[in-house]
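Just so you know, we're using the working numbering here: the sequence shown kicks off at 708 and counts up by one.
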Amino acid sequence: MSEFFKNNFKYVILAGVICVPLFGHLGSLPIHLWDESRLTMNAYEMYNNKNWIVTFYEGAPDLWNTKPPFLIWCQALLMGVVGPNELAIRLPSAIAGLLTCLAIVFFQIDI
Numbered sequence: 708m709s710e711f712f713k714n715n716f717k718y719v720i721l722a723g724v725i726c727v728p729l730f731g732h733l734g735s736l737p738i739h740l741w742d743e744s745r746l747t748m749n750a751y752e753m754y755n756n757k758n759w760i761v762t763f764y765e766g767a768p769d770l771w772n773t774k775p776p777f778l779i780w781c782q783a784l785l786m787g788v789v790g791p792n793e794l795a796i797r798l799p800s801a802i803a804g805l806l807t808c809l810a811i812v813f814f815q816i817d818i
């Protein structure tokens, strides 16, 4: 076993335990109504028309959306990588959840 795994075995196990519920079924459920579906449409239109500044909904600028565009940018970028599907929509949130859990663990170690 490498030196990294000897020193950090419990963190590798913890990351695995965190990853199963976060990443296990990202593409298995359909997209839900309201926020998820609306942001999905924003990301899909951004992916199609390549306008990375203005979010669109049904072909018109989305004046209803007041959320920061970082999630929509990540979703649109992933649509370009894996295609427009549920995985591309949910993967940025799952990665953010994993990073949040790991940050909590590492901040707890320092305290």
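Don't be surprised by glycine CBs; every beta carbon is placed ideally from N, CA and C.
Query                                                                                                                                                                                        : Result
Please list the terminal residues of the continuous alpha helix (DSSP H) segment that includes residue 733.                                                                                  : Note, residue 733: premise wrong, no alpha helix (DSSP H); not H, not E.
Hey, which unbroken runs of the beta strand (DSSP E) at 3 residues or more fall wholly within the stretch 745-789?                                                                           : none
Which same chain residues end up closer than 6 Å to residue 761 when comparing Cβ atoms and leaving out the 5 residues on each side of it in sequence?                                       : 768
On a Cα-Cα basis, can you pick out the residue from 814, 805, 795, 807 that is closest to residue 747?                                                                                       : 795
Straight-line CA distance for residue 674 to residue 737?                                                                                                                                    : Nothing in the structure corresponds to residue 674, since the chain is present only between 708 and 818.
Which class does residue 740 belong to by DSSP, given the choice of helix, strand or coil?                                                                                                   : coil
So, residue 801 versus residue 730, is the Cβ gap smaller than 7 Å?                                                                                                                          : yes
Please work out which residues of its chain come closer than 7 Å, Cβ to Cβ, to residue 799, disregarding the five sequence neighbours upstream and downstream, and give them in chain order. : 778, 781, 782, 785
Check residue 792 in the structure and name its three-state DSSP category.                                                                                                                   : coil
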